Amino acid sequence: MNPTHLFTKTLSSTDVKSALSVPCYALEFFPIPQGDHVMQFEAVDITGFIWRFRLSTRCTGRYPKPVLLRSLWHFFVEKKGLVAGDRVMFFREHDHENGTRYSVGTQRKIGRLLGKDLWVDVSDLNRYGL
Numbered sequence: 066m067n068p069t070h071l072f073t074k075t076l077s078s079t080d081v082k083s084a085l086s087v088p089c090y091a092l093e094f095f096p097i098p099q100g101d102h103v104m105q106f107e108a109v110d111i112t113g114f115i116w117r118f119r120l121s122t123r124c125t126g127r128y129p130k131p132v133l134l135r136s137l138w139h140f141f142v143e144k145k146g147l148v149a150g151d152r153v154m155f156f157r158e159h160d161h162e163n164g165t166r167y168s169v170g171t172q173r174k175i176g177r178l179l180g181k182d183l184w185v186d187v188s189d190l191n192r193y194g195l
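According to my numbering, the residues represented by the sequence shown are 66 to 195, in order.
Rendered as C-alpha cells:
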C-alpha cells in the first residue's frame, strides 16, 4: 500500500528553534481523542529509526493552531541537523495487520538544475560532500 502524503513544510527559523507549526488541514490525519488536545505518535524515517512526536492544538480560540511540541520535536531537529530552509514531510500508511503507521522525511535543497530545485534527504548529505 502506498503511503498518503499528509503535509510538507519548509522550515522557518521559528520551526527549528521552537515548535513545528502544522497546517490545520493535516489534523484530519491525526486522531486526537475527543476532549483532548494532545496526541503522541511515532514516525519512522528513511533509516528505519522511530521518532516520537507530540501534536498539540489550542484548548481555546477560533483556530486549532496545531504544533509539534518542542520537547520531542527539538530532539528530532538536533539529531537530524535541520536548519531553516530544510523541509519535512509526513506520510501515513494504513493496513489491517499493522494499523496506522506514520513516516517522516527530511530534505535539504542542494541547488538548482534546469530551473528546478534539487532536494536530497538530510541523511544523504555526506554522500554529496555537504
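All residues carry an ideal CB built from backbone N, CA and C; glycine is no exception.
Computed from a predicted model, the values in this text were never measured in an experiment.
Under 9 Å, do residue i and residue j count as touching if we go by C-beta distance?
| i | j | result |
| --- | --- | --- |
| residue 103 | residue 92 | no |
| residue 168 | residue 109 | yes |
| residue 105 | residue 123 | no |
| residue 174 | residue 151 | yes |
| residue 67 | residue 158 | yes |
| residue 83 | residue 149 | no |
In its own chain, which residues sit with a C-beta less than 6 Å from the C-beta of residue i, not counting the 5 before and 5 after it?
| i | result |
| --- | --- |
| residue 154 | 73, 170 |
| residue 69 | 157 |
| residue 88 | 72 |
Starting from residue i and walking both ways along the alpha helix (DSSP H), at which residues does that stretch end?
| i | result |
| --- | --- |
| residue 135 | 135 to 145 |
| residue 80 | 78 to 82 |
Is it the case that the CB of residue i approaches a heavy atom of the ligand NAD more closely than 8 Å?
| i | result |
| --- | --- |
| residue 158 | Here there are no bound small molecules, and the ligand NAD is not part of this structure. |
Please list the terminal residues of the continuous beta strand (DSSP E) segment that includes residue i.
| i | result |
| --- | --- |
| residue 108 | 103 to 109 |
| residue 172 | 164 to 178 |
| residue 161 | Premise fails: residue 161 is in no beta strand (DSSP E) and is neither H nor E. |
| residue 112 | Counting along the chain, residue 112 falls outside any beta strand (DSSP E), and DSSP gives it neither H nor E. |
| residue 74 | 69 to 75 |
| residue 185 | 181 to 186 |
Ordered along the chain, which non-local residues of its own chain (more than five positions away) have a Cβ less than 7 Å from that of residue i?
| i | result |
| --- | --- |
| residue 86 | 80, 132 |
| residue 146 | 187 |
| residue 71 | 91, 94, 155, 156, 157 |
| residue 129 | 89, 92, 122, 123 |
Give the C-beta separation of residue i and residue j to the nearest angstrom, bearing in mind that I take them to be a contact with Cβ-Cβ under 8 Å.
| i | j | result |
| --- | --- | --- |
| residue 111 | residue 186 | 6 Å |
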